[in-house]
Each structure stands twice: as C-alpha cells, then as structure tokens.
Amino acid sequence: MTTPKGTILVTGANGGLGSAIVESIASRPDLAAYHGVYTVRDVAKAGPLQSALQATKFHSHEVMSLNLSELSSVREASATINAKVSAGEIPRIRALVLNAGHRDPQGQTRTKGGLDTAFASNYLGHWLLVLPLDKINEVSGAFEEEEWKKIFADASSGTVESVVKGTWSPSPDDTSKDPRGLSGIRRYGASKLCIIMMILELQRRLDSDPELSGISVLGVDPGLMPTKITTDTLSWPTRSLIFIMAHISSRISPNGMMRLPRKSAGDVLAAAFKTDPPFGERPKGLYFNGSEPKEVSVEAKDAEKRAAVWKASVDYAELKEGETRLVHWA
1 MTTPKGTILV
11 TGANGGLGSA
21 IVESIASRPD
31 LAAYHGVYTV
41 RDVAKAGPLQ
51 SALQATKFHS
61 HEVMSLNLSE
71 LSSVREASAT
81 INAKVSAGEI
91 PRIRALVLNA
101 GHRDPQGQTR
111 TKGGLDTAFA
121 SNYLGHWLLV
131 LPLDKINEVS
141 GAFEEEEWKK
151 IFADASSGTV
161 ESVVKGTWSP
171 SPDDTSKDPR
181 GLSGIRRYGA
191 SKLCIIMMIL
201 ELQRRLDSDP
211 ELSGISVLGV
221 DPGLMPTKIT
231 TDTLSWPTRS
241 LIFIMAHISS
251 RISPNGMMRL
261 PRKSAGDVLA
271 AAFKTDPPFG
281 ERPKGLYFNG
291 SEPKEVSVEA
301 KDAEKRAAVW
311 KASVDYAELK
321 EGETRLVHWA
C-alpha cells in the first residue's frame, strides 16, 4: 500500500450520515488514498461503520473511541492523534469532518459536569477536539412562537449559561406535556447554532494567526435524513414513510428539506476537498445548504454573541495556555 496523502478525521462515523461519509471515502480511489481516523462512541458496537469500510481493502484507517460529551475523552483523543502525527505513525490531517450529533427525543440528559448533552456533544466536544490539534495547518421556520425565533436573547454570561446547561428550553418531567419532543429539538438547534457561530469565529481567529491562517472552516447543512437520530422514537410505519419521502424529495429537490445520507455525504466531502466553484482554492468561513451556498442567520453573524459563546467554551472546556497553537484562543 502506498503512503497515504494525508489524514481524514470523521466523528460520529457509526451514524447514518457518518457511515455514508466513510463509505464514500472508502469507495473513491482519490479519497481512499487518505488515512482515515473514524471516531465512534463504542468501538464494539460499530457495525454500520465496519460495513461501510468493506467497500474497499485498500483504504488505510483506524477506529477510535470518543465520547464527545466527556471532555476527558476528547482531550485523550486529541492527545492520541497529536502523538501519532508527531511520531509519523499517521500523516498530517487534511480534513476534519465534525459530524457526530446527539438529540434528546424525549426528556433531557446532562453530562457528568451538568452540561446539556446536546450542547456538549454537538458543539463543545467538537470545539475542544479541534483546538488542541496542532498539525492541521499543512494541509424552514420550525417554531412559529416569537420566543423561540431567537436563541440568545443577549450576549450575557447568564444567557449563554442557559444554553450550555439546557435550562433555556428544559424538557418537562411529564413527557405528555411535550409529546413531540420540541424542547429537545430546540436544544439540538441551539447546539447547531453554536457550531455555525464556531465556523465564523474560529475562521476569524485563524485568519489573524500567521501560522494557522491557511486553514479553512466550512459548514454543511445535511438536511433531514431518515437516520437513527431522526427516526429512533418513531413507529415502523412512520419510519418507512419518512424513508420513502426522502427518496422522492431528493429527486424533486436535491437540496430540499429531506435528503438521503449518500447525497449529504457527497456534499460534506465536496466541501472538504473540492476547489472548483462555489468553493475555490481557499474557501473561508462558508456555509452550505447541501451543495448550495447559504447565508447564516442574523444571530450567527452577531460578533458580540459569537465572542460570548467562544469565551464560555474556553471556560467550560477549561482550556489552558499550551493546549492549543491558536494565538488568539482566549
């Protein structure tokens, strides 16, 4: 086997979209030439990932355990990857695909540290995974109520804390009072807004760093897919209907609300590797709805709120001097 061109790291590689991304990588000779680092919550239960890797025998890869809701697990994973790159065991990182996601379909869960699990898994864990990696430089209105149209009322620490700990949209103890699980969906959406804020804020900080300014940060909205995170609590007939609707919708409107995992996987990999329009050689801070450029929300553009979320991330992750090469990290 030839020496890999670089390393692709994919989180949540055992999920519906994650395994589709891995299958696309493994089945395409241009991408299979990269070394893959695929993280899953439980290596022993990574059946979908293992099935995806059967697409080829010529793709160098490894599977790593990572619990994004536990900051100690994230730090351990970052340290392991850094050590392997430094020792020459794996090539430098070419692309980070931060795909893993968590949603509470009913009720509410929190981490051992008391953080909302969706916030910790979808945003803070990914934020902490990226910041210490030191070899990466070479390289439609779901809620009508007015109160839910804005997630961060202001940039105060108390407002940010309410999102971090999930008290902004708590699930009632009696699930019958929220049968559709809208409280959990709102918390999930809040964590995703933080990720979009991270795209813009991290890109801004990277661009002002003379050593890391060559790194590009992009985001892709994969749409609603018939994967476990969407259908886990639904009845079999409803799951079947969603799967059929996704097939039909993907043909009628490729970037519509409902899509198939293989389509979204292609969009994610295009953002990571393509250099032709609408990407370009050095795309910076871009966001896509599938394969189409998309404007981020007014809140995501709010520099004051982005700075507040970044500061909270530093505090809750307990990031210290020396843990990241980013100059303007604090």
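In UniProt numbering, the protein residues as written are 1 to 330. By construction, the Cβ of each residue, glycine as well, lies at the ideal position given by its N, Cα and C atoms.
Distance CB(residue i)-CB(residue j) smaller than 9 Å
i, j, result
"Ser65", "Ala52", "no"
"Gly184", "Ser171", "yes"
"Leu124", "Ser297", "no"
"Thr111", "Ala120", "yes"
"Ile8", "Ala87", "no"
"Ala300", "Met197", "yes"
"Gly6", "Tyr38", "no"
"Pro283", "Glu292", "no"
"Ala246", "Pro226", "yes"
"Ser250", "Lys263", "yes"
"Val97", "Ile199", "no"
"Gly69", "His102", "In the sequence as displayed, the identity of residue 69 is Ser instead of Gly. Yes, the pair counts as a contact, with Cβ atoms nearer than the cut-off."
"Trp329", "Leu131", "yes"
"Pro179", "Val327", "no"
"Pro105", "Asp232", "yes"
"Ala308", "Ala155", "yes"
"Ser169", "Ala190", "yes"
"Gly107", "Lys165", "no"
"Gly36", "Ile229", "no"
"Leu319", "Leu202", "no"
"Ala265", "Glu23", "yes"
Member of the options whose CA lies at the smallest distance from the CA of residue i
i, options, result
"Lys45", "Leu286, Gly12 and Pro293", "Gly12"
"Cys194", "Lys228, Ile151 and Asp174", "Ile151"
"Ala272", "Lys263, Val220 and Leu182", "Val220"
"Val43", "Ala303, Pro254, Glu62 and Ser235", "Glu62"
"Thr117", "Ser60, Gly158, Asn67 and Ser250", "Asn67"
"Gly18", "Leu49, Ala270 and Thr2", "Leu49"
"Gly285", "Thr56, Ser216 and Lys311", "Ser216"
"Met258", "Asn122, Trp236, Val130 and Phe243", "Phe243"
"His59", "Ile93, Trp236 and Arg28", "Arg28"
"Asn14", "Pro4, Val40, Thr3 and Thr80", "Val40"
"Leu224", "Ile248, Thr238, Leu260 and Ser240", "Leu260"
Cα-Cα separation between residue i and residue j, rounded to whole angstroms
i, j, result
"Asp207", "Lys305", "19 Å"
"Ile136", "Tyr287", "For Ile136, the predicted model reports a pLDDT of 49, less than 50, meaning its position is unreliable; a value from the coordinates is still stated below. Those two C-alpha atoms are separated by around 20 Å."
"Gly290", "Lys192", "15 Å"
"Ile25", "Thr324", "29 Å"
"Trp148", "Ser162", "Confidence at Trp148 is low in this model, with a pLDDT of 49, below 50, so the placement of that residue is unreliable and no value is reported for it."
"Val139", "Leu133", "Any reading at Val139 needs caution, since the residue's pLDDT is 37, under 50, leaving its predicted position unreliable; the model's value is listed next. The alpha-carbon atoms of Val139 and Leu133 are separated by roughly 13 Å."
"Gly158", "Ala83", "38 Å"
"Arg204", "Leu31", "28 Å"
"Trp236", "Val74", "35 Å"
"Thr56", "Gly280", "30 Å"
"Phe143", "Arg187", "Bear in mind that the predicted position of Phe143 carries a pLDDT of just 46, short of 50, making it unreliable; the figure below should be weighed with that in mind. Approximately 13 Å between the Cα atoms of the pair."
"Thr3", "Ala303", "42 Å"
"Leu269", "His126", "18 Å"
"Ile81", "Thr109", "29 Å"
"Thr238", "Val10", "30 Å"
"residue 381", "Ser240", "This structure cannot speak to residue 381, because the chain is shown only from 1 to 330."
"Val160", "Asn255", "32 Å"
"Gly322", "Asp315", "15 Å"
Residue i - containing beta strand (DSSP E), residue span
i, result
"Thr7", "Thr7 to Val10"
"Val97", "Ile93 to Val97"
"Gly36", "His35 to Val40"
Segment limits, alpha helix (DSSP H) that includes residue i
i, result
"Thr238", "Trp236 to Ile252"
"Leu13", "Going by the sequence as given, residue 13 is Ala instead of Leu. Looking at the DSSP string, Ala13 is not in any alpha helix (DSSP H), and its letter there is neither H nor E."
Proximity test, Cβ basis, 9 Å: residue i and chain D
i, result
"Gln54", "Going by chain labels, chain D is absent from the structure shown, which holds only one protein chain."
* In chain order, which continuous runs of the beta strand (DSSP E) of length 3 or greater are located wholly inside the segment 152 to 227? -> 218 to 221
* Secondary structure, alpha helix (DSSP H): runs of 4+ residues fully inside the segment 283 to 309 -> 298 to 301
* To do: May I have a chain-ordered list of the alpha helix (DSSP H) segments no shorter than 4 residues that lie completely inside the segment 51 to 81?
  => none
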